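Shown next, in structure tokens, is the structure this report addresses.
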Amino acid sequence: DVAFVHNCVYIQAPEVLKHLKTPSVYYCHEPLRRAYEPRDKAPFGKELRPNFFRKPIRAFREMKYERLIRRLDYENVRSASLVLTNSYYTREYVYHVYGIFGYVNYLGVDAELFKPLEMEKENLVLSVGALLYRKGHDFVIESVASLPKKCRPSVGIVADRGKLEVKEYLIQLAKDKGVKLVFYEKITDLELVVLYNRAKVTACAQVMEPFGFVPLESMACETPVVGVKEAGLRESIIHGVTGILTPRDPVEFGNALQHLLFDEERCRAMGHRGRMEVIANWTWERSVKCLEKYLRWAADLSR
Numbered sequence: 167d168v169a170f171v172h173n174c175v176y177i178q179a180p181e182v183l184k185h186l187k188t189p190s191v192y193y194c195h196e197p198l199r200r201a202y203e204p205r206d207k208a209p210f211g212k213e214l215r216p217n218f219f220r221k222p223i224r225a226f227r228e229m230k231y232e233r234l235i236r237r238l239d240y241e242n243v244r245s246a247s248l249v250l251t252n253s254y255y256t257r258e259y260v261y262h263v264y265g266i267f268g269y270v271n272y273l274g275v276d277a278e279l280f281k282p283l284e285m286e287k288e289n290l291v292l293s294v295g296a297l298l299y300r301k302g303h304d305f306v307i308e309s310v311a312s313l314p315k316k317c318r319p320s321v322g323i324v325a326d327r328g329k330l331e332v333k334e335y336l337i338q339l340a341k342d343k344g345v346k347l348v349f350y351e352k353i354t355d356l357e358l359v360v361l362y363n364r365a366k367v368t369a370c371a372q373v374m375e376p377f378g379f380v381p382l383e384s385m386a387c388e389t390p391v392v393g394v395k396e397a398g399l400r401e402s403i404i405h406g407v408t409g410i411l412t413p414r415d416p417v418e419f420g421n422a423l424q425h426l427l428f429d430e431e432r433c434r435a436m437g438h439r440g441r442m443e444v445i446a447n448w449t450w451e452r453s454v455k456c457l458e459k460y461l462r463w464a465a466d467l468s469r
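Converting from the sequence shown to our numbering requires adding 166 to each position, the first position being numbered 1.
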């Protein structure tokens, strides 16, 4: 027997890992990022962190709590018999944080659900992710704003959760930049599939995204992707084949969007190759076969 353990909402790596007597496989979707990365920044560079001058007692308590969570997470990860990660980027991250060499077990998408619907494309760029600063929706708006106004596409933001202050900021930013913005909140998977099919391009500008389902879902719907060349996005988007990767520069990103938006033949070809790539390498069936191999390996550790 083997215990298959996932992330915990509260302390990332669950406490159960320290107490298991059976071999354990911990699937690390990401390390405790808030402990090792810069804080999310609100507009104009204001960091989202406790204010030691205005609320010193609360800030001190939060600091002690975060230190405790960081220690528990570290101990729990190192208690696992085997650690799996969702990308090579996450594997390297896990080594730097926990001193453990994990094994990559890519996730997948449902290519029967996410599929082309033969719909007419609209002049729409889709950005999918929670209403959080690290999801990069503001970067997408700024990139679209760099395009000529007469042919500028609309930006559709799909979000299942998030912060009201982020939504208000994005609305004001789009207004200031002259970009038409539409929100699609808490929609169903089927509605998301329709949006992928309506959009000409999906933009992926998440900050250091460990893996990211969005590019794969879009590719499965034959909609090409423009993404920032960082973290897990470099592994799922094949530059020049299924999409375009650029540095985190709004002008370069905007140019990449423009190349696809106004070259229907290239856009269609990339979309077709994207779906073929998903079917070949990014299905759940392929992911599960890989997982079964690691579970058997972990189970053998007890023999």
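The beta-carbon is built from N, C-alpha and C at its ideal position, and this holds for glycine as well.
No experiment lies behind these values; they were computed from the predicted model shown.
Asked, Found
"Neighbour-count burial assignment, I403, 16 or more Cβ in a 10 Å radius", "buried"
"Where the alpha helix (DSSP H) containing T256 begins and where it ends", "Y254 to Y264"
"E375 and L399 closer than 9 angstroms at C-beta", "yes"
"Exposed unless 16 or more other CB atoms sit within 10 angstroms - verdict on G302", "buried"
"Candidates G440, R441, A435 and Q424: closest to R318 by CA position", "Q424"
"Nearest residue (CA-CA) to N271, options T408, F377 and F419", "F377"
"Alpha helix (DSSP H) runs wholly inside the segment 320-398, at least 4 long, in chain order", "330-343, 355-364 and 380-386"
"Reduced DSSP secondary structure (H/G/I, E/B, other) of A169", "strand"
"Spatial distance of S245 from G265 (CA atoms)", "12 angstroms"
"Those runs of the alpha helix (DSSP H) which lie wholly inside the segment 394-425 and span at least 4 residues", "399-402"
"CA nearest to the CA of E286, picked from L467, R364, A369 and H438", "R364"
"Exposure of I323, with buried meaning 16 or more beta-carbon neighbours within 10 Å", "buried"
"Contact under 9 angstroms by Cβ, A296 with G328", "yes"
"Where L214 falls, given that 16 or more other Cβ within 10 Å makes a residue buried", "The predicted model places L214 with a pLDDT of 49, which falls under 50 and marks its position as unreliable, so this point remains unresolved."
"Rounded C-alpha distance that separates S312 from P416", "7 angstroms"
"Selected residue, minimal CA-CA separation from L330, among D466, G344 and L298", "L298"
"The beta strand (DSSP E) enclosing S293, as first and last residue numbers", "E288 to V294"
"As assigned by DSSP and simplified to three states, the class of Y460", "helix"
"Between the CA atoms of E232 and F349 - distance to the nearest angstrom", "33 angstroms"
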